[in-house]
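Counting from 1 along the sequence shown, just add 1 to a position and that's the residue number in this note's numbering. By construction, the Cβ of each residue, glycine as well, lies at the ideal position given by its N, Cα and C atoms. Reviewing the structure listed below.
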Amino acid sequence: MIFGILGGLGLFIFGMRLMSEGLQKAAGDRIRQILEFLTNRPVKGILAGAGVTALIQSSSATTVMTVGLVNAGLLTLSQAISVVMGANIGTTVTAQLIAFKITQYALPAIGIGLFIHLFAKNKKVKLWGQVLLGFGLLFLGLIIMKEAFSPLQESQHAKDFFVFFSRQPILGVIAGALVTMLIQSSSATIGLTMALAAAGLVDFTGAISLVLGENIGTTVTAQIAAIGTNLNARRTAMAHVMFNVIGVCYMLPLLYLGLYQKLIAFITPGVTLQTITPQNILRPIANAHTIFNFFNTFIVFLPLIGILERMTVRLIPGEPEVAGGRPIYLEKHLLDSPPIALDQTTKEIIRMAGIARKGINEAICGFIENKSSILEKVASKEDAIDNLQKEITQYLVEISQRDLSEEESQRLPVLMHMVNDVERIGDHAENIVELAQRKIDEKLPFSNEAISEIKMFYLKVEKMIDLVMEGLSSGDVKKGEEALKIEEEINNLQFKLRQNHIERLNEGKCFILS
């Protein structure tokens, strides 16, 4: 029985992950774009979060993605809260799918999905094969779990335990939260709950309390994702916790009074509270999960989204960094005044260069200190830089369509080159991260002399970036001349350091793979 439960749960989670990863890869960047551009109003943000989660079958993936977008400055705190609220609705699709009892199609889905994944030539078609394979494995896992629980139906001790458990919804909530925290998948907990209920081991009240608990447990994933991120990203994760915990707290009294159970039985066709049995319990459980999240989102928290935002700010105080990925100087109303618009563009490029400088700094620190936690911060900087490149380029295109003087026309291509050059700095930071991660993973040793030279070399590069930014900001040509001198020093130093490295290799001081 234990093997059946572990294996079934493993298949369920593995299938869910295969399906989720396949859908995310097949959808490409569209998911991110949906979250970025459909969140200007809370209702749109909720619908975007629900739609993306229903598609990729993982509220955790959506919330982690949202935390990442906030960290990159591509979403504001209020936008992110609405997406996270929507993710809770989207995740109820899993329970509804299970309630349709389409488990009989598990084996055909596995066979067809694997065939497509192995033999399809087109990469996207292969990914859709992976999705179908994951879908089949998910339901096969559910079948195995349900069968594994069947011996417990004959055990009086098991029945007594689950009866006591069902009479105390608070225990069900705690158990549901702990299991979800442990296996990091609310969908898996729902599958487990439905298997228990279908085996007649948990009654309707106990099943609802477990499902409410998974709503709390699933918030842990976002909290883990928020470690080491910026202030607003951490606040997004906290808003997710508060949203679910408050919802469960006001729902518990209704559960103890039996009011929520009566409501679900009333809205579920073909059943009453007295006629819910292990044979027909799946649909009421799925409906209880869906109704709770719909009510909590649209009726309770949508009107209070501003209050929820203020509460998270109080719980996690501090001044957030200016949103990195969103331009702050590119004002559309200034486009009809090209000289001012070009000055604003220069300010935005300087700000973009500052983000790139931080990215390079974090990449080098992670390389030298062997810390993956520092390296992980670079990805959000790269996201912000890529977004700023698009925004600044579009702004420059709009300036070019105005009536420009000769001097202004000459400035345009220069600024365009600057934007692309800064974007390349971001790419280089990512390249250093890849090397640093390889150094960490393969435990590659570097001699003290090598590390010392890398530090010295980086300080030159950092000084050069600072001079360029100062020169751009003040218009001081001398700063540019100083930067060019350092560039010459860097070229000479590069040659010298390569020679030093070869000498150390010959002397056996350095490891060749390093």
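In the displayed model, P446 falls within coil according to three-state DSSP, outside both helix and strand. If you draw a 10 Å sphere on the C-beta of N72, you find 16 or more other C-beta atoms in it, and that means buried.
Taken through DSSP and simplified to helix, strand or coil, Q169 comes out as coil. Short of 6 Å from the beta carbon of A208, and not among the five residues preceding or following it, lie these beta carbons of its own chain, in chain order: T194, A198, I286. A residue is called buried when at least 16 other Cβ atoms come within 10 angstroms of its Cβ; F368 meets this threshold and is buried. Excluding sequence positions up to five before and after G481, its CB lies within less than 6 Å of the CB of G472, all in the same chain and listed in chain order. With a threshold of 16 other beta carbon atoms within 10 Å, N288 meets it and is buried. Put simply, the segment 116 to 132 does not touch the segment 90 to 100. Fewer than three CB pairs are less than 8 Å apart. With a 10 Å radius around the Cβ and a threshold of 16 neighbouring Cβ atoms, E489 comes out exposed. Taking the Cα of H418 as reference, the smallest distance to any Cα among T346, A380, E454, L405 is reached at T346. When the alpha-carbon of T394 is set against those of A342, I375, E370, the nearest one is in A342. Membership of E332 in any alpha helix (DSSP H) is not indicated, and neither H nor E is assigned to it by DSSP. One alpha carbon belongs to Q390, the other to A357, and they sit about 12 Å apart. Collapsing the DSSP output to three states places T346 in a helix. At a Cβ-Cβ threshold of 9 Å, E377 and A430 do not count as neighbours.
Where K263 is concerned, the enclosing alpha helix (DSSP H) starts and stops at 260 to 268. By the beta-carbon neighbour count (other beta carbons within 10 angstroms, threshold 16), T276 is exposed.
Non-local C-beta neighbours of E370 in its own chain, meaning closer than 6 Å and more than five positions away in sequence, are absent.
Just measuring C-alpha positions, the residue of L108, A149, L119, M146 sitting nearest L138 is L108. For V379, the enclosing alpha helix (DSSP H) stretches over residues 378 to 401. The distance from the Cβ of F244 to that of L309 is about 7 Å, consistent with a contact at the 8 Å cut-off.
Judged by DSSP in its simplified three-state form, N41 adopts coil rather than helix or strand. The residue among L416, K456, I386 with its C-alpha nearest the C-alpha of I400 is L416. The beta carbon of I365 sits closer than 6 Å to the beta carbons of Y459 from its chain, once the five residues preceding and following it are set aside; these are given in chain order.
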